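Comments concern the structure below.
Residue numbers (the UniProt record's numbering): 1 to 127.
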């Protein structure tokens, strides 16, 4: 099953919820994982089940990065706030880097997220 991580910085959480609601049918066919609060909010506002990792500052980004390195992640939607400094910026940079190293698609905007989710759904349907 296609495994997808959902991550959003605080200012981007409303956009992530809207994306999850708009793509609920697509996402329901995936094995979902996400960071703490993002996962909790998605589950509260949709019928989706999301495996909760720690919050980003507490190591959630690193936990997801480990899954990328182990070949267990097919794609990531990480709606980042590019205008706010994050206390765990090194973890964020490491996650971005490990996605590049392992050629795992990573979307950081709503538009790119839609492309990644549509592509992963198409790939899953072809399998």
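Ideal placement from N, C-alpha and C gives every residue a C-beta, glycine not left out. The structure presented is a predicted model; accordingly, all values stated were derived computationally and were not measured.
Fill in: Coil, strand or helix - residue 8 by DSSP
For the purposes of this step, residue 8 is identified with residue 8 of the chain shown, where counting begins at 1. Residue 8: strand per DSSP, three-state reduction.
Worksheet item: Leaving out the 5 sequence neighbours to the left and right, which residues in its chain are closer than 7 Å to residue 116 when beta-carbon positions are compared?
Response: Start at 1 with the first residue of the chain shown, and residue 116 comes out as number 116. Closer than 7 Å at Cβ, skipping near neighbours: 75, 77, 105, 107.
Discussion item. Just to confirm the assignment, what range does the beta strand (DSSP E) spanning residue 136 have?
Written reply: Nothing can be reported for residue 136, as the shown portion of the chain is limited to 1 through 127.
Item to complete: Using the Cα positions of residue 30 and residue 3, report the straight-line distance between them to the nearest angstrom.
Response: As a first step, residue 30 is located in the chain shown; it is residue number 30 there, counting from the start. As a first step, residue 3 is located in the chain shown; it is residue number 3 there, counting from the start. Note on geometry: alpha-carbon atoms of residue 30 and residue 3 lie some 6 Å from one another.
Practice prompt. In angstroms with no decimal places, state the Cα-to-Cα distance between residue 127 and residue 36.
Written response: Along the chain shown, one-based indexing puts residue 127 at 127. Along the chain shown, one-based indexing puts residue 36 at 36. Rounded to the nearest whole angstrom, the C-alpha separation of residue 127 and residue 36 is 31 Å.
Worksheet item: In three-state DSSP terms, what is residue 31?
Response: Counted from its first residue, the chain shown places residue 31 at position 31. Correct three-state label for residue 31: strand.
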